[in-house]
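Engineer:
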Amino acid sequence: MPLMDEFKEEREKIKTAPLKVKWKYFQEYYLKTTIGIIAVVAILVAVLVTTLTHKEEMLYVCLINYDVNLEFNEDDLIIPFEQENLENTKKQEITVDSNENVLGEGKEAASAESMIRYTYEDEQKITMVIAIGQMDLMISGEDVIDKYVPRDVVKPLDEVYSQAELKKFEDAGLVKYYQGKPVAICMDDSENLNKYYYYVGEKIDHYYAAFTYGAHSDLAKKYLEYLGY
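Sequential numbering of the sequence shown, starting at 16, is according to the working numbering.
Dropping the structure here:
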């Protein structure tokens with residue numbers, strides 16, 4: 016009997032065979048192929064969904080040693096800013112990262128509990144996002160700012176603001192200097208920062224915002240103004 020005829024005859028038998036026999040036949044001849052096809056389709060769907068839903072990051076703000084105040088909805092702070100300053104909120108977004116914890120310059124964890132917060136992974140992540148130019152703005156306690164300023168990762172304020180703008184900050188006593196250069200703006204009285212976040216780092220007297228060498232300093236300026244100084 017020709018091979019094709021044998022194959023047709025076998026298929027006819029399977030059509031009328033018990034369910035267990037059909038399942039065994041399927042396992043033997045089709046199961047691996049079916050699983051492979053499903054896996055490929057799942058990967059393609061995942062890639063397509065990621066591509067279609069991915070948003071371009073227009074601003075990255077890192078709140079080091081801060082946590083979200085659960086009495087308020089963080090989206091109530093971020094979404095209005097996005098709506099006012101982004102061209103297309105369906106395709107663009109800002110990132111406010113308040114998940115990083117770092118011991119500041121000259122500081123030690125006050126307790127075993129607080130020591131758990133500080134991880135080498137957080138330090139690595141901050142170093143990486145600065146190095147690749149992703150971070151635009153860093154806000155933290157003065158001790159953390161003091162840790163990063165000497166590493167030449169903080170952009171002097173006179174590279175961000177005009178002389179007239181900078182003079183207003185200086186006259187208000189808001190500017191922090193390092194080796195004679197203006198490097199950060201005091202955020203002690205920031206209404207929105209203090210409303211939506213709270214500081215979880217070691218006790219410190221002053222809090223500052225510093226620009227890093229990301230590509231979105233102009234939008235970072237607007238976000239600082241939005242937070243309030």
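Just so you know, even glycine gets a beta-carbon here, dropped at the ideal spot from N, CA and C.
(1) Would E71 be called buried (16 or more neighbouring beta carbons within 10 Å of its own) or exposed?
(2) Considering just the uninterrupted stretch of the alpha helix (DSSP H) at V144, what are its terminal residues?
(3) Round the Cβ separation of N114 and T134 to the nearest angstrom and send it over; I've been treating them as touching at under 8 angstroms.
(4) Count the other C-beta atoms from every protein chain shown that fall within 10 angstroms of the C-beta of T31, then say buried if there are 16 or more, exposed otherwise.
(5) Got a sec, what are the start and stop residues for the beta strand (DSSP E) D10 sits in?
(6) My understanding is that Y238 touches L101, with C-beta atoms under 8 angstroms, so please give their C-beta distance in whole angstroms.
(7) Relative to the C-alpha of K170, which residue among Q139, D186, I145 is closest?
(8) Could you check what DSSP says for A230 in three-state terms: helix, strand or coil?
(9) Using only the alpha-carbon positions, how far apart do D173 and K196 sit?
(10) Excluding the 5 residues preceding and the 5 following E138 in the sequence, name in chain order all residues of the same chain whose CB lies nearer than 8 angstroms to its CB.
(11) Output the distance between the C-alpha atoms of P165 and A54, rounded to the nearest integer angstrom.
(12) Cα-Cα, which of E99, W38, I109, D161 is closest to A224?
(13) Could you tell me the alpha carbon to alpha carbon distance between G148 and G119, rounded to whole angstroms?
(14) Please list, in chain order, all residues of the same chain as Y244 whose beta carbon is under 8 angstroms from its beta carbon, the five residues on each side excluded.
(15) Taking the C-alpha atoms as reference points, what is the distance between I79 and T227?
(16) Could you check what DSSP says for M130 in three-state terms: helix, strand or coil?
(17) Of the choices Y163, D91, R132, K35, whose alpha-carbon is the least far from that of V111?
(18) Quick one: which unbroken alpha helix (DSSP H) runs of 4-plus residues sit fully inside the segment 198-244? Chain order, please.
(19) Thinking C-beta only, is K236 closer than 8 angstroms to V168?
(20) Measuring straight from C-alpha to C-alpha, what distance separates I109 and S177?
(21) Just mark G121 as buried or exposed, buried being the case when its beta carbon has 16 or more other beta carbons within 10 Å.
(22) Keeping to the same chain, check which residues put their C-beta closer than 7 angstroms to that of I93; ignore five residues upstream and five downstream.
(23) Assuming Y81 contacts Y212 under a Cβ cut-off of 8 angstroms, what Cβ separation, rounded to an integer in Å, is found between them?
Structural biologist: In short:
(1) Label assigned to E71: exposed.
(2) Per DSSP, V144 belongs to the alpha helix (DSSP H) from 135-146.
(3) Between T134 and N114 the Cβ distance is about 11 angstroms, and since that is not below 8 angstroms, they are no contact.
(4) Counting the other Cβ atoms within 10 Å of the Cβ of T31 gives fewer than 16, which makes it exposed.
(5) Nothing about residue 10 can be reported from this structure: the residues present for the chain run from 16 to 244 only.
(6) Wrong, their Cβ atoms sit about 11 angstroms apart, outside the cutoff.
(7) Ranking Q139, D186, I145 by Cα distance to K170 puts I145 first.
(8) Coil.
(9) Roughly 8 angstroms between the two C-alpha positions.
(10) Setting aside the 5 residues that flank it on each side, E138 is surrounded in the same chain by V117, each with a C-beta closer than 8 angstroms to its C-beta; the list follows chain order.
(11) Answer to the nearest angstrom: the Cα atoms are 50 angstroms apart.
(12) Of E99, W38, I109, D161, the residue nearest in Cα terms is D161.
(13) Between the alpha carbons of G148 and G119 lies a distance of about 22 angstroms.
(14) Only F184, A187, L189, I200, C201, M202, D204, S205 meet the Cβ criterion.
(15) Taking the straight line joining both Cα atoms gives about 13 angstroms.
(16) DSSP places M130 within a helical segment (H, G or I) once states are collapsed to three.
(17) Comparing Cα positions, the closest option is D91.
(18) Taking only runs of at least 4 residues, the alpha helix (DSSP H) segments lying wholly in the segment 198-244 are 206-211, 232-242.
(19) Taking 8 angstroms as the Cβ cut-off, V168 and K236 do not qualify as a contacting pair.
(20) The alpha-carbon atoms of I109 and S177 are separated by roughly 25 angstroms.
(21) G121 is exposed by the Cβ-count criterion.
(22) Excluding positions up to five away in sequence, the list reads I109, V111.
(23) Separation of the CB atoms of Y81 and Y212 is rounded to 4 angstroms, and the pair is thereby assigned contact status at 8 angstroms.
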